[in-house]
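Data first, discussion second: the structure below is written as structure tokens.
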Amino acid sequence: MTSILHLSYRAGPILRLQNPLLSRICPRATPTPSTTGSFLQASRYLRTMAGITIPTTQAAIQISRTGGPEVLEYHTSLPVPTPGTGEVLIKNNLSGVNYIDTYFRTGLYQSPKPEILGREGAGIIVALGSGPNPQGFKVGDRVAWLNTGGYAEYSVAQAEKRVVRIPEGISDEQALSVLLSGITTLSLVKEAYPVQKGDWILVHAAAGGAGFLMTQMLKDIGAKVIGTAGGPEKAELVKSLGADVVIDYKSPEGANWLGKVMEVTGGEGVAAVYDSVGKDTWEDSIKAVKRKGTMVFFGNASGPVPPLNIQLLSAKNIKVLRTSLFGYIATQEEFDYYTNELFNMVKSGKLKTRLHKIYPLEQAAQAHIDLEGRKTTGKLLLRP
Numbered sequence: 001m002t003s004i005l006h007l008s009y010r011a012g013p014i015l016r017l018q019n020p021l022l023s024r025i026c027p028r029a030t031p032t033p034s035t036t037g038s039f040l041q042a043s044r045y046l047r048t049m050a051g052i053t054i055p056t057t058q059a060a061i062q063i064s065r066t067g068g069p070e071v072l073e074y075h076t077s078l079p080v081p082t083p084g085t086g087e088v089l090i091k092n093n094l095s096g097v098n099y100i101d102t103y104f105r106t107g108l109y110q111s112p113k114p115e116i117l118g119r120e121g122a123g124i125i126v127a128l129g130s131g132p133n134p135q136g137f138k139v140g141d142r143v144a145w146l147n148t149g150g151y152a153e154y155s156v157a158q159a160e161k162r163v164v165r166i167p168e169g170i171s172d173e174q175a176l177s178v179l180l181s182g183i184t185t186l187s188l189v190k191e192a193y194p195v196q197k198g199d200w201i202l203v204h205a206a207a208g209g210a211g212f213l214m215t216q217m218l219k220d221i222g223a224k225v226i227g228t229a230g231g232p233e234k235a236e237l238v239k240s241l242g243a244d245v246v247i248d249y250k251s252p253e254g255a256n257w258l259g260k261v262m263e264v265t266g267g268e269g270v271a272a273v274y275d276s277v278g279k280d281t282w283e284d285s286i287k288a289v290k291r292k293g294t295m296v297f298f299g300n301a302s303g304p305v306p307p308l309n310i311q312l313l314s315a316k317n318i319k320v321l322r323t324s325l326f327g328y329i330a331t332q333e334e335f336d337y338y339t340n341e342l343f344n345m346v347k348s349g350k351l352k353t354r355l356h357k358i359y360p361l362e363q364a365a366q367a368h369i370d371l372e373g374r375k376t377t378g379k380l381l382l383r384p
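Okay, here's the thing in structure tokens:
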């Protein structure tokens, strides 16, 4: 049975908690355990308010070893995390599923085990940790967040540079459809290679979660977009986004996608390639870049790019980047800029969101199977 603690507060004088770890100015509180618990347990959640019930255990997806989707284990009694200094505790309404989650699951990216996967979520703040709160977050705020531990009913996130209020007029589904993928793609077209009007740009996997958003951003800038996709349905979707050229790499003519790229660019190549596929495309992607162009790698959907012979770059003076999102949002100002830009684009209609499916939390393994099987278009979400 899940244990819960109901914190009920009454008006009263200011009380300073004597525990040095919890030494905060806060209203005098009378914790009322619903089943089990202690004042120390109750006071772990600072700055909460009347009516908030915080369980001590939760449902979550945890992995204890690396492997295929079968290592995603559904648990119903894992501990609810405690918000630390500068952190907030969020009750998740939705959790995002991203390709990066599969990298941690397979061990391509190393991380301590056991581990709760998931890098983003959307929900309601239910408690704040100690320390400064310059963003002024309150219990009850509807927010989206970036961190770890998203495949769960509750998650903690650092308030600074990782949590953003969801504006009125934007649903949780919309916010989470553009948060991680959207900040990634917007930073790539703004900073990794600052796209200019009229540039020819190649986007691989243009019907996927990131490619879907990137294609729209590029067209808004005024670039000429070549988008690759696998299958007629995905190709049609990319075309509907305004891509100038769509290549179905599963079709007979699409197998030579490099030849098509060179044909439509008059043999010159593209100003930049955005490649989230990796192993299967990297070599021809470099060949598709024009003289003094830019090659941007930002994913490993087919596997990691092998060690690169830099002599391949010398023929056309090509620049190569392997980007990391958090290198572009290292300050609060950068985080605010990108989240504000994204939400404004959604509200104005410049950026459409596409939801593939919302899976129950316990079906996270199926979400991974669908994602890795390239059966999806748009965003995959979990409902805790």
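First residue of the sequence shown? That's 1 in full-length UniProt numbering, and the numbers climb one at a time after it.
For glycine and all other residues, C-beta sits at the position ideal for the given N, C-alpha and C.
From a predicted model like this one, the values you see are computed outputs, not experimental measurements.
query                                                                                                                      : result
Pairwise C-alpha distance: A315 and A367                                                                                   : 42 Å
Through-space distance from P79 to E153, alpha-carbon basis                                                                : 10 Å
C-alpha distance - G254 paired with A210, whole-angstrom precision                                                         : 21 Å
In DSSP terms, what K224 is bridged to                                                                                     : W200
Backbone secondary structure at S177 - three-state DSSP                                                                    : helix
Nonlocal neighbours in the same chain, by C-beta distance under 8 Å from G278, ignoring five residues either side          : F297, G299, N300, A301, S302, G303, P304 and V305
Contained beta strand (DSSP E) runs [length at least 3] in the segment 311-353, N- to C-terminal order                     : 319-322
Secondary structure of G267, DSSP reduced to three states                                                                  : coil
Residues that V163 bridges to, as DSSP identifies them                                                                     : W145
Cα-Cα separation, G118 to Y109                                                                                             : 13 Å
Beta-carbon proximity check, Q62 vs E73, cutoff 7 Å                                                                        : yes
With 16 other Cβ atoms within 10 Å as the buried cut-off, status of K234                                                   : buried
Nearest to L180 (by Cα), restricted to the options Q196, I100, G131 and I125                                               : I100
CA nearest to the CA of F343, picked from I166, T376, R383 and Q158                                                        : I166
Reduced DSSP secondary structure (H/G/I, E/B, other) of L213                                                               : helix
Limits of the beta strand (DSSP E) - the one that Q158 falls within                                                        : Y154 to Q158
Close beta carbons around G227, own chain, < 6 Å, minus the five adjacent residues each side                               : V203, A206, T215, V238, A243 and V246
S95, DSSP secondary structure in three states                                                                              : strand
Per-residue DSSP class, three states only, for A127                                                                        : strand
K290 in three-state terms, based on DSSP                                                                                   : strand
L325 vs T184 beta-carbon contact at 7 Å                                                                                    : yes
DSSP bridge partner residues for E115 (one or two, in chain order)                                                         : I63
Nearest-angstrom Cβ-Cβ length linking L188 and T323, presumed shorter than 8 Å                                             : 6 Å
Cut-off 7 Å between Cβ atoms - residues of its own chain near Y249, not counting five sequence neighbours on either side   : T228, G230, A255 and W257
Assigned secondary structure, T76 (DSSP; H/G/I helix, E/B strand, else coil)                                               : strand
Chain-order list of residues whose beta-carbon lies under 8 Å from that of G198 (same chain, five-residue window excluded) : G222, A223 and K224
Backbone CA spacing between I116 and V71 [nearest angstrom]                                                                : 11 Å
Distance, R162 Cα to Q311 Cα                                                                                               : 39 Å
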